[in-house]
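Q: If you count the sequence shown from 1, position 21 lands on 21 in UniProt numbering, and the numbers rise without skipping.
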Amino acid sequence: MNLTFKAIVVEDEKLIRNNIIESITLCDPSFEICASATNGKDGLELIHTLKPDVLFTDIRMPIVNGLVLAEKAKQICPNIQVVIISGYAEFEYAQHAIRLGVEDYLLKPIRTNALKNILTKLKHVLQKNKHFETKQQLQKIINTESLEDLPCRLADCTNILSIVNLGNLCNYVPSTLVRSYFNSLWDEVDLGFLPSEDCEAFVFDELSPNTKFIMFSINNKDKCIELLDSLYDYFKKEFKQIKVHIYYSYYDTLKSLSTQVEDLRLVLRRQLVMDETILMEAALTDSKLPISVLGRDFKTRLINLINNEDTDLIETEITTQLDNIIKNKMPQIWIEEYIHQLLKLLQQHTTCMSEAELYHIEYTIFDKMALPLSTLNLSTNFWNSLPVMFNSSVAVENQELITEIKNYLIKNYNSNITLDDIAQKFNFTPSYIIKMYKRSTGETPMKYVIGLRIATAKQLMHDNPAMEVKQISEYVGYFDQHYFSRIFKSITGVSPSEYRENLGN
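#1: Which of the three DSSP states, helix, strand or coil, is assigned to ASN165?
#2: Are at least three pairs of beta-carbons, each pair with one atom in the segment 433 to 445 and one in the segment 129 to 141, less than 8 Å apart?
#3: With 16 other CB atoms within 10 Å as the buried threshold, where does MET215 fall?
#4: Could you please give me the residues that DSSP links to LEU107 through a beta bridge?
#5: Where does ILE225 land, buried or exposed, given buried means 16+ other C-beta within 10 angstroms?
#6: Counting pairs of Cβ atoms below 8 Å between the segment 20 to 29 and the segment 100 to 112, do you hit three or more?
#7: So what's SER497 in DSSP terms, helix, strand or just coil?
#8: Going by DSSP, what residue range makes up the beta strand (DSSP E) through VAL293?
#9: What are the start and end residues of the beta strand (DSSP E) that includes MET215?
#10: Considering only residues of the UniProt domain "HTH araC/xylS-type" (403 to 502), which uninterrupted beta strand (DSSP E) runs meet the minimum length of 3 residues and lie entirely inside it, listed in chain order?
#11: Look up ILE24 in the DSSP assignment and say whether it is helix, strand or coil.
#12: Could you say which of VAL267, SER258 and ASP42 lies nearest to VAL64 if we only look at CA atoms?
#13: Between PHE31 and the rest of its own chain, which residues show a CB-CB distance below 6 Å, the 5 nearest in sequence each way excluded?
#14: Assign MET280 to one of two classes, buried (16 or more other C-beta atoms within 10 Å of its C-beta) or exposed (fewer than that).
#15: Report yes or no: do the segment 304 to 315 and the segment 262 to 269 share at least 3 C-beta pairs separated by less than 8 Å?
#16: For THR158, write down the residues that DSSP places opposite it in a beta bridge.
#17: If distances are taken between C-alpha atoms only, which option among ALA73, ASN165, VAL293 and PRO445 comes closest to PHE235?
#18: Would the segment 471 to 487 count as touching the segment 167 to 182 if we require 3 or more Cβ pairs under 8 Å?
#19: Per DSSP, SER36 forms a beta bridge with which residues?
#20: Can you list, in chain order, the residues of its chain whose CB lies under 8 Å from that of PRO430, leaving out five sequence neighbours each side?
#21: What residue range is occupied by the uninterrupted beta strand (DSSP E) comprising ASP229?
#22: Please state the DSSP three-state secondary structure of TYR359.
#23: Going by the DSSP bridge assignment, what does CYS199 pair with across the sheet?
#24: How would you call PRO52, buried or exposed, if buried means at least 16 neighbouring beta carbons within 10 angstroms?
#25: Output the distance between the C-alpha atoms of LYS299 and ILE326, rounded to the nearest integer angstrom.
Here it is as structure tokens:
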């Protein structure tokens with residue numbers, strides 16, 4: 001996007017001053033000479049009043065010389081770009097000016113090529129500075145810290161806000177593995193293909209590591225759709241194995257932008273369908289999840305199968321249901337609620353997991369759901385995360401293996417460890433590992449991990465009273481503090497903050 005920059009020329013000789021002004025205007029019209037002065041004192045007053053982007057100043061001038069002016073200009077406008085104009089006899093002064101933080105110098109008589117080179121360098125720096133300043137202002141809106149009006153240079157543009165999501169939703173604070181994966185993907189993104197003359201783009205982090213807000217300010221309104229299509233095509237081409245979701249809306253003031261930020265978050269959360277790629281103008285609906293997503297008939301059938309301890313039919317029934325909701329392209333938020341209610345039903349009607357294990361399993365499943373291709377093995381992830389429901393066909397005990405598994409769990413308890421990880425590590429099926437471990441220890445491997453995490457959390461609270469609950473949660477392996485608190489309370493009967501208060505009594 002073409003920007004203009006305010007410049008002031010301070011030179012005591014009228015002929016040279018006019019020549020400098022004319023040369024700058026001819027070399028690059030984006031530098032607008034907003035004022036000029038014959039001495040440093042007047043130049044300083046102009047800087048106070050006009051807050052220019054660039055100062056061109058001679059060194060030898062009456063009242064206040066160029067070096068003093070440059071130093072004071074930096075105090076008034078820290079980001080001002082200063083160019084010293086000097087004769088050969090003043091070259092040492094110019095070198096001193098560079099040490100003071102002056103950006104460059106021009107030798108008299110001024111040559112066109114030298115001036116062009118300096119203006120090009122200045123323009124590059126100023127464009128970056130302007131972009132950064134505008135981004136800071138817009139970031140406050142994303143963080144709902146400000147309701148100022150749009151920067152004046154964007155007010156006459158067509159402004160688009162888009163929310164871009166790679167893969168599936170991370171509705172909960174993800175593990176280190178998931179965060180690192182998406183951070184590495186975003187590091188590869190390069191929006192250099194966007195037409196800089198017509199468009200300026202701003203990229204902002206969102207709460208989830210796989211989501212960003214991208215804002216566009218466009219001079220030519222007719223190119224909006226073309227620009228969005230280019231963005232969509234870029235992501236599809238660069239990330240072929242990952243589904244990309246882009247929702248967008250238009251805004252003309254920062255107040256409307258603040259509203260659009262929240263609306264786009266809601267649209268993404270409510271409408272994202274896993275394993276789909278989409279570019280769509282956002283349309284917020286009032287759709288809400290039903291109180292029960294399982295369905296009365298399904299719940300009745302499942303409870304009957306549980307009462308009969310028919311493990312094979314239970315697995316078939318649940319797998320069919322999970323496959324169907326993926327096939328029917330239900331929104332991810334609906335699927336997550338379905339899994340939550342399904343786990344709750346299993347926890348209530350079987351002895352396969354405690355309430356703490358339920359929350360732990362739910363966290364593990366949802367963390368994996370954020371990754372690409374997770375829809376292809378949703379039912380597999382579900383069963384690999386779930387303890388054995390009934391105690392039939394108990395595995396033969398192998399005490400040496402039990403000890404190895406326990407040592408592995410102690411060493412890795414605060415990583416995002418799953419039953420599938422343990423099974424692969426020791427070359428057994430998840431069900432065999434669970435049956436054998438539970439027979440020997442009286443608890444499942446996941447319940448043992450939960451116990452290690454909660455015990456460590458308690459010790460940290462005791463030893464480090466100033467350590468925040470969020471830090472403790474992450475230290476023991478729960479990057480979502482909400483889940484940590486639920487698990488902690490289900491084990492101890494009190495929340496982490498209540499437990500800490502009781503330590504002081």
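Quick reminder that beta carbons are idealized off the backbone N, C-alpha and C, glycines included.
A: For this structure:
#1: As a first step, residue 165 is located in the sequence shown; it is residue number 165 there, counting from the start. It is a strand residue.
#2: no
#3: Start at 1 with the first residue of the sequence shown, and residue 215 comes out as number 215. When all chains shown are included, MET215 counts as buried.
#4: Mapped onto the sequence shown, residue 107 falls at position 107. Looking at the DSSP assignment, LEU107 forms a beta bridge with SER86.
#5: Locating residue 225 in the sequence shown gives position 225, counting from the first residue. Burial call: exposed.
#6: yes
#7: Stepping through the sequence shown from its first residue, residue 497 is reached at position 497. Of the three classes helix, strand and coil, the one that applies to SER497 here is helix, per DSSP.
#8: Residue 293 sits at position 293 when you count from the first residue of the sequence shown. Neither: VAL293 is in no beta strand (DSSP E) and is coded neither H nor E.
#9: Start at 1 with the first residue of the sequence shown, and residue 215 comes out as number 215. From DSSP, the beta strand (DSSP E) with MET215 extends over 211 to 218.
#10: none
#11: Counting from 1 along the sequence shown, the entry for residue 24 is found at position 24. DSSP places ILE24 in helix when its eight states are reduced to three.
#12: In the sequence shown, counting from the first residue as 1, residue 64 sits at position 64. Cα-wise, what sits closest to VAL64 is ASP42.
#13: Against the sequence shown, residue 31 aligns to sequence position 31. Contacts found: PHE5, ALA7 and ILE24.
#14: In the sequence shown, counting from the first residue as 1, residue 280 sits at position 280. Classification of MET280: exposed, given that the 10 Å Cβ count is below 16.
#15: no
#16: Here residue 158 refers to the residue found at position 158 when the sequence shown is read from its first residue. Per DSSP, ILE218.
#17: Start at 1 with the first residue of the sequence shown, and residue 235 comes out as number 235. Nearest C-alpha to PHE235: ASN165.
#18: yes
#19: Indexing the sequence shown from 1 puts residue 36 at position 36. Answer by DSSP bridge pairing, in chain order: VAL9.
#20: Sequence index remark: in the sequence shown, residue 430 carries index 430 (1-based). Excluding sequence neighbours, PRO430 sits near TRP383, ASN384, LEU419, ASP420, ILE422 and ALA423.
#21: Counting from 1 along the sequence shown, the entry for residue 229 is found at position 229. No beta strand (DSSP E) contains ASP229, which is instead part of the alpha helix (DSSP H) from 224 to 238.
#22: The residue labelled residue 359 in the question sits at position 359 within the sequence shown. DSSP places TYR359 in helix when its eight states are reduced to three.
#23: The residue you call residue 199 lines up with position 199 of the sequence shown. ILE218, per the DSSP bridge assignment.
#24: Within the sequence shown, the letter at position 52 stands for residue 52. Buried, by the Cβ-count rule.
#25: Taking the first residue of the sequence shown as position 1, residue 299 is located at position 299. Taking the first residue of the sequence shown as position 1, residue 326 is located at position 326. Cα to Cα, LYS299 sits roughly 19 Å from ILE326.
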